[in-house]
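Notes follow the structure.
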């Protein structure tokens, strides 16, 4: 097996170590391998391919980190065909929430979520994806 070096904050490393201990993993490498497999497999659901999808993406960040808000606005405009709706809200004393409603294909949604996750200083990125055709035919 190839050995790699990864930089991460000490707090995250401590959380990984606690998680490994609490859940019976042999060590942090096993946790990181499983996390990577899960992340890479998130959008590999064959049931979602070639279908029109709807997604809701929620992003939480510290409002004092203005680069995150600017990046969210830039992504919103770069993907205006994909983003059906966008909502910004203040949460608590120091945070903002950005909510995106997306309509498109799996590859587009996956790319959009990946760009949000790659944005430095986001605190949380959560999403759900569902086929629009699961709601049945539209009747007048």
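Residue numbers (the working numbering): 52 to 191. Built from N, CA and C at the ideal position, the CB exists for glycine as well.
- Apart from the 5 residues on each side of it in sequence, residue 175 sits with its Cβ closer than 6 Å to the Cβ of 111 in its chain, given in chain order.
- A distance below 7 Å between beta-carbons, with the five flanking residues on each side excluded, links residue 136 to the following residues of its chain, in chain order: 152.
- Pairing residue 79 with residue 166, the inter-Cα distance amounts to about 26 Å.
- Linking residue 144 to residue 116 through their CA atoms gives a straight-line distance of about 13 Å.
- Uninterrupted alpha helix (DSSP H) stretches at least 4 residues long and entirely within the region 67-155 occur at 79-92, 117-129, given in chain order.
- A straight-line Cα-Cα distance of about 26 Å links residue 120 and residue 91.
- In the displayed model, residue 180 falls within a strand according to three-state DSSP.
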